[in-house]
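Which chain is which? The protein sequence lines are A and B, in order.
My numbering numbers the first residue of the first sequence as 15 and each following residue consecutively.
My numbering numbers the first residue of the second sequence as 15 and each following residue consecutively.
Every residue gets a Cβ at the ideal spot worked out from N, C-alpha and C, and that includes glycine.
Computed from a predicted structure; not experimentally measured.
The structure appears right after this line, and notes come after that.
2 protein chains.
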Amino acid sequence: MNKSALQIARAAYQPKLPKVLKGAVKALDGDATQSVADQEEIKKLFPNTYGMPVVTFAEAGDVDLPAMNVGVILSGGQAPGGHNVISGLFDGIKAINKDSKLYGFLGGPSGLVDHKYVELTADIIDEYRNTGGFDIIGSGRTKLEKTEQFDSGIEICKELDIKALVIIGGDDSNTNACVLAEYYLQKQCGIQVIGCPKTIDGDLKNDMIETSFGFDTACKVYSEMIGNIMRDANSAKKYWHFIKLMGRSASHIALECALQTHPNVCIISEEVEAKKMTLAQIVNSIADVVAGRAAEGKNFGVVLIPEGLIEFIPEMKVLIAELNDLLSVTSDVKEALKGLSAASAAVYNSLPSSIAKQLTLDRDPHGNVQVSQIETEKLLIAMVKTRLAAMKAEGKYVGKFSGLGHFFGYEGRCAAPSNFDADYCYSLGVNAAWLIANGKTGYMSLIRNTIAPADQWIAGGVPVTMMMNMEKRSGEMKPVIRKALVDLNGAPFKALSDNRSEWAKETCYVYPGPIQYFGPSEVCDLPTKTLVLEQRNKK
Amino acid sequence: MNKSALQIARAAYQPKLPKVLKGAVKALDGDATQSVADQEEIKKLFPNTYGMPVVTFAEAGDVDLPAMNVGVILSGGQAPGGHNVISGLFDGIKAINKDSKLYGFLGGPSGLVDHKYVELTADIIDEYRNTGGFDIIGSGRTKLEKTEQFDSGIEICKELDIKALVIIGGDDSNTNACVLAEYYLQKQCGIQVIGCPKTIDGDLKNDMIETSFGFDTACKVYSEMIGNIMRDANSAKKYWHFIKLMGRSASHIALECALQTHPNVCIISEEVEAKKMTLAQIVNSIADVVAGRAAEGKNFGVVLIPEGLIEFIPEMKVLIAELNDLLSVTSDVKEALKGLSAASAAVYNSLPSSIAKQLTLDRDPHGNVQVSQIETEKLLIAMVKTRLAAMKAEGKYVGKFSGLGHFFGYEGRCAAPSNFDADYCYSLGVNAAWLIANGKTGYMSLIRNTIAPADQWIAGGVPVTMMMNMEKRSGEMKPVIRKALVDLNGAPFKALSDNRSEWAKETCYVYPGPIQYFGPSEVCDLPTKTLVLEQRNKK
Chain A
15 MNKSALQIAR
25 AAYQPKLPKV
35 LKGAVKALDG
45 DATQSVADQE
55 EIKKLFPNTY
65 GMPVVTFAEA
75 GDVDLPAMNV
85 GVILSGGQAP
95 GGHNVISGLF
105 DGIKAINKDS
115 KLYGFLGGPS
125 GLVDHKYVEL
135 TADIIDEYRN
145 TGGFDIIGSG
155 RTKLEKTEQF
165 DSGIEICKEL
175 DIKALVIIGG
185 DDSNTNACVL
195 AEYYLQKQCG
205 IQVIGCPKTI
215 DGDLKNDMIE
225 TSFGFDTACK
235 VYSEMIGNIM
245 RDANSAKKYW
255 HFIKLMGRSA
265 SHIALECALQ
275 THPNVCIISE
285 EVEAKKMTLA
295 QIVNSIADVV
305 AGRAAEGKNF
315 GVVLIPEGLI
325 EFIPEMKVLI
335 AELNDLLSVT
345 SDVKEALKGL
355 SAASAAVYNS
365 LPSSIAKQLT
375 LDRDPHGNVQ
385 VSQIETEKLL
395 IAMVKTRLAA
405 MKAEGKYVGK
415 FSGLGHFFGY
425 EGRCAAPSNF
435 DADYCYSLGV
445 NAAWLIANGK
455 TGYMSLIRNT
465 IAPADQWIAG
475 GVPVTMMMNM
485 EKRSGEMKPV
495 IRKALVDLNG
505 APFKALSDNR
515 SEWAKETCYV
525 YPGPIQYFGP
535 SEVCDLPTKT
545 LVLEQRNKK
Chain B
15 MNKSALQIAR
25 AAYQPKLPKV
35 LKGAVKALDG
45 DATQSVADQE
55 EIKKLFPNTY
65 GMPVVTFAEA
75 GDVDLPAMNV
85 GVILSGGQAP
95 GGHNVISGLF
105 DGIKAINKDS
115 KLYGFLGGPS
125 GLVDHKYVEL
135 TADIIDEYRN
145 TGGFDIIGSG
155 RTKLEKTEQF
165 DSGIEICKEL
175 DIKALVIIGG
185 DDSNTNACVL
195 AEYYLQKQCG
205 IQVIGCPKTI
215 DGDLKNDMIE
225 TSFGFDTACK
235 VYSEMIGNIM
245 RDANSAKKYW
255 HFIKLMGRSA
265 SHIALECALQ
275 THPNVCIISE
285 EVEAKKMTLA
295 QIVNSIADVV
305 AGRAAEGKNF
315 GVVLIPEGLI
325 EFIPEMKVLI
335 AELNDLLSVT
345 SDVKEALKGL
355 SAASAAVYNS
365 LPSSIAKQLT
375 LDRDPHGNVQ
385 VSQIETEKLL
395 IAMVKTRLAA
405 MKAEGKYVGK
415 FSGLGHFFGY
425 EGRCAAPSNF
435 DADYCYSLGV
445 NAAWLIANGK
455 TGYMSLIRNT
465 IAPADQWIAG
475 GVPVTMMMNM
485 EKRSGEMKPV
495 IRKALVDLNG
505 APFKALSDNR
515 SEWAKETCYV
525 YPGPIQYFGP
535 SEVCDLPTKT
545 LVLEQRNKK
């Protein structure tokens with residue numbers, strides 16, 4: 015591997031650990047737990063893993079534990095810090111007993127099913143400490159849902175004498191990890207399953223999980239770029255930058271980046287849905303901000319847009335559903351368009367032609383509109399431009415509007431982890447090793463009190479069933495971990511809504527700059543604004 | 015101003031200076047100089063500023079100099095470090111005499127003409143030390159070319175008792191600075207003019223100027239993003255990322271980013287032009303790399319594309335010229351297309367329809383094709399996809415191709431300067447103050463030996479006329495600073511061409527990570543690969 019100067023220097027970083035995880039720990043069990051909703055159904059589906067207590071770790075003094083082999087799996091999209099979960103897990107099982115072995119299943123969950131794996135030795139692990147990416151063993155999106163898959167997993171675990179699997183993934187992957195844990199308990203095959211909360215989207219969090227790993231780093235990378243673009247906007251004073259940010263189902267990334275950088279406009283999908291806003295209302299609200307600034311001679315600005323916006327606009331959701339239905343029976347677009355309801359036809363006709371084309375022509379193999387392919391930033395630029403022309407004709411706008419679109423997503427998923435993510439992930443990994451050593455299964459690795467310095471973090475585990483409820487998926491009710499959307503009554507959203515009229519009018523940009531690894535702690539160890547606001551509020 | 019934690023910590027950074035600039039200096043004059051070409055014409059146009067010697071500064075011991083007021087102008091596109099040139103200039107004139115004053119002309123050269131200015135006091139300067147952007151006084155693209163503009167400048171300089179102007183800009187702005195210096199000498203009005211070499215594009219360099227400021231930081235920001243995307247590509251293993259990089263007239267940025275990150279393909283416009291490559295040849299060469307990797311199971315990769323590529327492809331240049339001519343007499347696209355030569359019609363018909371549309375419909379107010387609006391990254395993705403389909407039909411390609419386009423430009427122009435740019439720019443500013451104190455005009459601020467530690471840098475000045483030749487601009491021969499294109503016989507290009515077949519086939523990605531300000535010197539103080547290769551080679 016060719017290494018950059020920074021990578022070489024950063025390899026030596028020793029991630030900070032909670033004090034308790036610096037030695038052996040024992041599990042202190044709390045009270046029995048319940049799922050967040052649908053208790054009866056969840057209990058029936060998870061007879062062996064339901065109701066288990068939240069676990070907190072305490073120092074155990076000297077212990078003598080047998081060697082244990084562990085398998086690790088990366089599941090789903092990349093998030094900064096995955097390699098540190100694995101190096102923490104490696105160091106954890108080696109500290110427990112130096113003869114323990116770590117196996118990495120290759121290319122995601124399919125590696126377990128297809129018996130593709132590699133032993134992760136110290137030499138390999140040392141190449142990946144504090145680095146971004148999931149390339150150490152690769153990731154994949156195969157879902158572990160079927161008993162044949164589970165049984166195939168048992169085979170390879172028996173062959174390699176694997177005592178436990180650690181699955182690093184998002185809400186779905188952790189749900190599946192729990193299904194697997196339940197199945198292995200029923201089968202009494204002695205294989206434990208532990209999950210780790212991963213996703214840059216930040217939507218895997220709740221009363222127990224304070225944040226998912228990767229969110230911190232990804233938001234900092236995006237905020238670096240947004241800040242740079244803001245400084246450019248404020249220097250050139252002639253462009254409006256519309257920046258779309260990754261994150262389809264929740265707007266945590268857009269919100270966090272807004273709190274870090276103070277854009278003129280930041281759209282939050284959850285608010286759009288709650289207020290049943292139309293596309294025209296969104297466009298008009300942006301155009302009003304543009305016109306307001308233009309009136310003061312400021313023909314520049316920055317707008318943040320969450321990637322999933324389109325799907326949160328009620329009328330767009332209806333239009334897309336109608337198009338999917340119509341285009342499933344005919345591939346003749348003109349014919350299909352005739353079938354639209356009057357309301358949807360009106361929405362469709364309000365769209366710029368390039369976007370209308372994306373809605374009808376770019377369909378996936380099932381005939382569905384590919385929502386993720388829609389260039390929402392360009393859609394809004396085009397519609398704001400049209401709106402401003404109308405306002406100009408009415409004498410309500412004086413100025414020049416020149417829009418530039420950006421999309422930030424892939425830039426942040428594999429960035430090298432910030433100190434926060436490096437420490438948090440490494441702790442999650444060491445902690446997972448101790449959950450295994452303490453015989454736990456169906457748990458998620460849990461590190462709390464994360465806005466305090468790392469040595470004060472609290473280590474333990476939370477039963478996955480505690481976070482579940484029943485939701486409809488492809489027409490069927492399924493047990494799933496409840497996704498955390500942006501809470502419109504929460505402190506982070508309030509920090510936006512309290513300030514956004516000032517941010518719209520004035521130029522309050524903040525330039526966070528690049529993630530720093532070697533400087534003063536107040537620069538290098540900052541958690542996200544979202545985490546601080548949420549956790550401070552809890553206290 | 016709301017400041018980020020990093021901005022607050024970074025404000026305290028004291029940029030490194032060449033040893034000689036830590037005290038008073040005197041100018042040592044070298045031999046008389048000549049322009050790089052067209053000596054007779056240049057001499058005639060610049061009778062007062064032609065032939066002046068290169069100046070090197072030496073320690074002067076204690077000197078007692080009068081106060082001097084200076085005006086500063088930012089010209090053209092933003093580049094990281096502009097604020098440090100200004101803070102260096104401020105500290106320089108204050109060190110010379112504490113009663114000196116610095117005036118900033120607002121919004122670029124037009125501020126001088128329209129008498130819009132602000133006095134830059136210590137309070138203001140301290141807010142901008144080591145920050146990105148040009149927002150301290152703003153920039154602009156007004157060209158200083160007419161005597162009325164020059165005379166208007168004299169008025170305000172007399173009013174403010176300004177002894178000298180410092181113009182921070184690219185090749186054109188520095189040419190104009192010299193025209194101004196010449197005019198002010200002819201008029202004997204006693205106003206000196208000094209230039210500073212700015213441009214992220216890296217094309218303002220020559221035997222004297224080792225690098226323009228901003229290139230270092232911008233390339234590092236782009237390389238951070240490219241590295242992150244590479245790690246994502248190598249983790250997800252399913253996308254080909256086509257990344258377009260800012261820089262229209264030269265490919266230095268793409269080349270430097272390639273040397274920092276080792277992409278699978280990097281196109282260099284100067285090579286395309288020299289080899290008279292067709293669009294089809296470029297597409298085929300990329301498709302061959304994709305097919306080669308696919309044969310080994312690697313359906314992912316990264317391609318770097320210089321923004322100006324289209325204009326360097328001979329057949330595209332002809333097509334665009336023909337379209338400009340045809341569309342200047344008719345706005346009927348169909349009619350205009352009939353007028354294309356057979357060769358151009360063939361090229362036009364080979365283009366994806368969305369790009370063909372950009373060529374004919376998106377025209378500027380003069381009817382010209384807007385080359386900068388052409389989404390070259392998407393053009394290449396579409397054409398490579400088509401080519402691969404043909405290769406698949408012939409059995410020459412097995413694999414899946416999924417292309418994603420990116421454009422990095424605005425993200426880098428206003429980033430906070432790297433240590434190199436912070437030091438280099440601050441030195442250029444202090445140095446400019448001493449050129450003024452030594453009575454120089456028509457000079458560019460010159461800092462050399464820049465791959466050595468900063469205290470060994472050599473300070474002085476170079477006459478702008480020395481860098482000039484005559485070139486045709488809008489049909490007229492004009493004196494201009496010769497632009498530095500990528501030298502196909504130079505060490506940086508050789509470092510690419512020697513390695514690119516390996517980089518194409520293997521996965522040799524390097525992940526530079528974010529710019530660091532506080533870490534070990536081997537991480538924080540690295541100059542660009544281009545600079546090191548060029549300067550080492552010179553020695």
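Just to confirm, is the Cβ distance from V347 (chain B) to T374 (chain B) under 7 Å? Position 333 of the second sequence holds residue 347 (chain B). Position 360 of the second sequence holds residue 374 (chain B). Yes; because the gap between Cβ atoms is below 7 Å, this pair is in contact.
Taking the CB atoms as reference points, tell me whether V69 (chain A) and D43 (chain A) lie closer together than 7 Å. Indexing the first sequence from 1 puts residue 69 (chain A) at position 55. Indexing the first sequence from 1 puts residue 43 (chain A) at position 29. Contact: yes.
Closest to N144 (chain A) by C-alpha separation, out of A:Q92, A:I22, A:Y253, A:I87, would be which residue? Counting from 1 along the first sequence, the entry for residue 144 (chain A) is found at position 130. Checking every option, the nearest Cα to that of N144 (chain A) belongs to A:I22.
Nearest to I170 (chain A) (by Cα), restricted to the options A:G147, A:K157, A:G125: Here residue 170 (chain A) is taken as the residue at index 156 of the first sequence, counted from 1. Cα-wise, what sits closest to I170 (chain A) is A:G125.
State yes or no: is the beta carbon of F227 (chain A) nearer than 7 Å to at least one beta carbon in chain B? By 1-based counting over the first sequence, the position of residue 227 (chain A) is 213. For F227 (chain A), the answer is no, since every Cβ of chain B falls outside 7 Å of its Cβ.
Close Cβ partners of I334 (chain B) (< 8 Å) along its chain, the five nearest in sequence each way excluded: As a position in the second sequence, residue 334 (chain B) is number 320, starting the count at 1. I324, E325, L373, V383, V385, listed in sequence order.
Please confirm if the segment 238-252 of chain B is in contact with the segment 441-457 of chain B, defined as three or more CB-CB distances below 8 Å between the two stretches. no
Less than 7 Å between the C-beta atoms of M66 (chain A) and P477 (chain A), yes or no? As a position in the first sequence, residue 66 (chain A) is number 52, starting the count at 1. As a position in the first sequence, residue 477 (chain A) is number 463, starting the count at 1. Contact: yes.
Any beta-carbon of chain B closer than 7 Å to the one on S249 (chain A)? Position 235 of the first sequence, counted from the first residue, corresponds to residue 249 (chain A). Closer than 7 Å: yes.
Would M82 (chain A) be called buried (16 or more neighbouring beta carbons within 10 Å of its own) or exposed? Taking the first residue of the first sequence as 1, we reach residue 82 (chain A) at position 68. By the neighbour-count rule (16 or more Cβ atoms within 10 Å), M82 (chain A) is buried.
Any C-beta of chain B sitting closer than 7 Å to the C-beta of P534 (chain A)? The sequence position of residue 534 (chain A) within the first sequence is 520, counting from 1. Output row for P534 (chain A): interface = yes.
I want to verify the contact list: residues of chain A whose CB lies under 7 Å from the CB of E325 (chain B), in sequence order. Position 311 of the second sequence, counting from 1, holds the residue named residue 325 (chain B). By Cβ distance, chain A contributes nothing, its closest Cβ being about 21 Å from E325 (chain B), past 7 Å.
Output the boundary residues of the alpha helix (DSSP H) element that contains V317 (chain B). Mapped onto the second sequence, residue 317 (chain B) falls at position 303. Premise fails: V317 (chain B) lies in the beta strand (DSSP E), 315-320, not in any alpha helix (DSSP H).
Check whether the segment 148-163 of chain A touches the segment 113-125 of chain A, counting contact only when three or more Cβ pairs, one atom from each stretch, lie closer than 8 Å. yes
Which whole-angstrom value is the C-beta distance of A473 (chain B) and L35 (chain B), which I expect to be below 8 Å? For the purposes of this step, residue 473 (chain B) is taken as residue 459 along the second sequence, with counting starting at 1. For the purposes of this step, residue 35 (chain B) is taken as residue 21 along the second sequence, with counting starting at 1. Yes, A473 (chain B) and L35 (chain B) are in contact; Cβ-Cβ is about 5 Å, under 8 Å.
In terms of alpha-carbon separation, which member of B:V193, B:A301, B:G489, B:M291 lies closest to R401 (chain B)? Taking the first residue of the second sequence as 1, we reach residue 401 (chain B) at position 387. That would be B:A301, whose Cα lies nearest to the Cα of R401 (chain B).
Flag N278 (chain B) as yes if its beta-carbon sits less than 7 Å from any beta-carbon of chain A, otherwise no. Translated into the one-based positions of the second sequence, residue 278 (chain B) becomes position 264. It does not: the Cβ of N278 (chain B) has no partner Cβ on chain A nearer than 7 Å.
Does DSSP classify Y424 (chain A) as helix, strand or coil? Position 410 of the first sequence, counted from the first residue, corresponds to residue 424 (chain A). It is helical.
Check whether chain B comes within 7 Å of G147 (chain A), counting only Cβ atoms and requiring the distance to be less than that. Numbered from its first residue, the first sequence carries residue 147 (chain A) at position 133. Cβ-Cβ to chain B under 7 Å: yes for G147 (chain A).
Would a check of beta-carbon distances place N363 (chain B) closer than 7 Å to chain A? What you label residue 363 (chain B) is simply residue 349 of the second sequence in a count that begins at 1. For N363 (chain B), the answer is no, since every Cβ of chain A falls outside 7 Å of its Cβ.
Contacts around A429 (chain B), its chain only, beta-carbon distance under 6 Å, and the 5 residues preceding and following it disregarded: Against the second sequence, residue 429 (chain B) aligns to sequence position 415. For A429 (chain B), where only same-chain residues beyond five positions count, the Cβ hits under 6 Å are P94, G146, T231, V235.
In three-state DSSP terms, what is Q206 (chain B)? Here residue 206 (chain B) refers to the residue found at position 192 of the second sequence. Looking at Q206 (chain B) - three-state DSSP - the assignment turns out to be strand.
Inter-stretch contact (C-beta, 8 Å, three-pair minimum) for the segment 181-201 of chain A and the segment 493-507 of chain A: yes
With a threshold of 7 Å between beta-carbons, can N3 (chain B) be considered close to chain A, or not? An answer regarding residue 3 (chain B) cannot be provided, because it is not within the stretch 15 to 553 covered by chain B.
Closest by CA to F104 (chain A), which one among A:S515, A:G443, A:L545, A:Q206? Taking the first sequence and counting its residues from 1, the one referred to as residue 104 (chain A) is at position 90. Among A:S515, A:G443, A:L545, A:Q206, the Cα nearest to that of F104 (chain A) belongs to A:G443.
Leaving aside the five residues before and after S265 (chain B) along the sequence, list all residues of the same chain whose C-beta is less than 7 Å from its C-beta, in chain order. Locating residue 265 (chain B) in the second sequence gives position 251, counting from the first residue. Counting only Cβ-Cβ distances below 7 Å, and skipping sequence neighbours, we find I282, S283, E284, P320, V500.
Expressed to the nearest angstrom, what Euclidean distance is found between the alpha-carbon atoms of L547 (chain A) and G322 (chain A)? Locating residue 547 (chain A) in the first sequence gives position 533, counting from the first residue. Locating residue 322 (chain A) in the first sequence gives position 308, counting from the first residue. Approximately 24 Å between the Cα atoms of the pair.
Answer yes or no: does any C-beta atom of chain B fall closer than 7 Å to that of E141 (chain A)? Here residue 141 (chain A) corresponds to residue number 127 of the first sequence, with the count starting at 1. For E141 (chain A), the answer is no, since every Cβ of chain B falls outside 7 Å of its Cβ.
Could you run through the segment 151-164 of chain A and flag, in chain order, every residue whose CB is less than 8 Å away from some CB of chain B? G152, S153
Taking the CB atoms as reference points, tell me whether V316 (chain B) and V398 (chain B) lie closer together than 7 Å. Position 302 of the second sequence, counted from the first residue, corresponds to residue 316 (chain B). Position 384 of the second sequence, counted from the first residue, corresponds to residue 398 (chain B). No.
Please identify, using Cβ separations under 9 Å, the residues of the segment 52-80 of chain A that lie next to chain B, in order along the chain. none
Only counting runs of 4 or more residues, tell me where the alpha helix (DSSP H) segments fall wholly within the segment 19-73 of chain A, in order along the chain. 19-25, 53-59
M244 (chain A) lies in the beta strand (DSSP E); which residues open and close that run? If you number the first sequence from 1, residue 244 (chain A) lands on position 230. First-last for M244 (chain A): 229-250, but that is the alpha helix (DSSP H), not the beta strand (DSSP E).
Closest Cβ-Cβ distance between R550 (chain B) and chain A: below 7 Å? The residue labelled residue 550 (chain B) in the question sits at position 536 within the second sequence. It does not; no Cβ of chain A falls within 7 Å.
Residues near C271 (chain A) by beta carbon distance below 7 Å, same chain, minus five either side: For the purposes of this step, residue 271 (chain A) is taken as residue 257 along the first sequence, with counting starting at 1. Cβ neighbours of C271 (chain A) beyond the five flanking positions: C233, Y236, S237, I240, L259, L318.
Between Y142 (chain B) and S101 (chain B), how many whole angstroms is the CB-CB distance? I'm expecting something under 8 Å. The count along the second sequence starts at 1 and reaches residue 142 (chain B) at position 128. The count along the second sequence starts at 1 and reaches residue 101 (chain B) at position 87. Indeed they touch by this definition, with Cβ atoms about 7 Å apart.
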